[in-house]
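*Asks:*
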Amino acid sequence: MYEHCPNCGLRYEIEPGYFWGAMFVSYALSGAVALVAGFLIFYGLNDPDGWTYVLIICPLLVLITPMNFRLSRILWLHYVSGISYDPEKRTEF
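Numbering-wise, the sequence shown is residues 21 to 113 according to my numbering.
1) Between which two residues does the alpha helix (DSSP H) containing His98 stretch?
2) How should Ala42 be labelled, buried or exposed, when 16 other C-beta atoms within 10 angstroms of its C-beta is the threshold for buried?
3) I'd like the list of long-range same chain contacts for Tyr99, defined as Cβ closer than 8 Å, with 5 residues on each side in sequence excluded.
4) Please tell me whether Ile84 and Val53 are closer than 9 Å, where the distance is taken between their beta carbons.
5) Buried or exposed: where does Ser101 fall if 16 or more other Cβ atoms within 10 Å of its Cβ makes it buried?
6) Nearest to Val56 by CA position, among Leu80, Gly37, Trp40, Glu108, is which residue?
7) Between Asp69 and Gly51, what straight-line distance do the alpha-carbon atoms span, to the nearest angstrom?
8) Report buried or exposed for Val45, applying the criterion of at least 16 other Cβ atoms within 10 angstroms of its Cβ.
9) Give every residue of the same chain whose Cβ lies closer than 7 Å to the Cβ of Leu49, excluding the five residues on either side of it in the sequence, and list them in chain order.
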């Protein structure tokens, strides 16, 4: 992730350790995906063996990790610091 926005120069990390809170957002997103996948497996495959859940959900969580990493930081920036995109403030560097 860039230290500063390439368009407007905004510094993303407001203070040292700022994105530690994004880890909790990431944890919540992963938990929600695992919960939904568990329900889908339960109802779609008629309650299979416990290892079936592990063999489907664990790779799924690994596959969504890059998206989850970025999305959790975006959500943290938007909801905690109130940063939102404003095309009028765009400048060239």
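All C-beta atoms, glycine included, are put in the ideal place defined by N, C-alpha and C. Everything numeric in this text was worked out from a predicted model, so none of it was measured.
*Replies:* On the basis of the supplied data:
1) That run of the alpha helix (DSSP H) goes 85-101.
2) Around the Cβ of Ala42, a 10 Å sphere holds 16 or more other Cβ atoms; the residue is buried.
3) none
4) With respect to the 9 Å criterion, Ile84 and Val53 are classified as neighbours on the basis of their beta carbons.
5) exposed
6) Leu80
7) About 20 Å.
8) buried
9) Cβ within range, chain order: Asn88, Leu91, Ser92.
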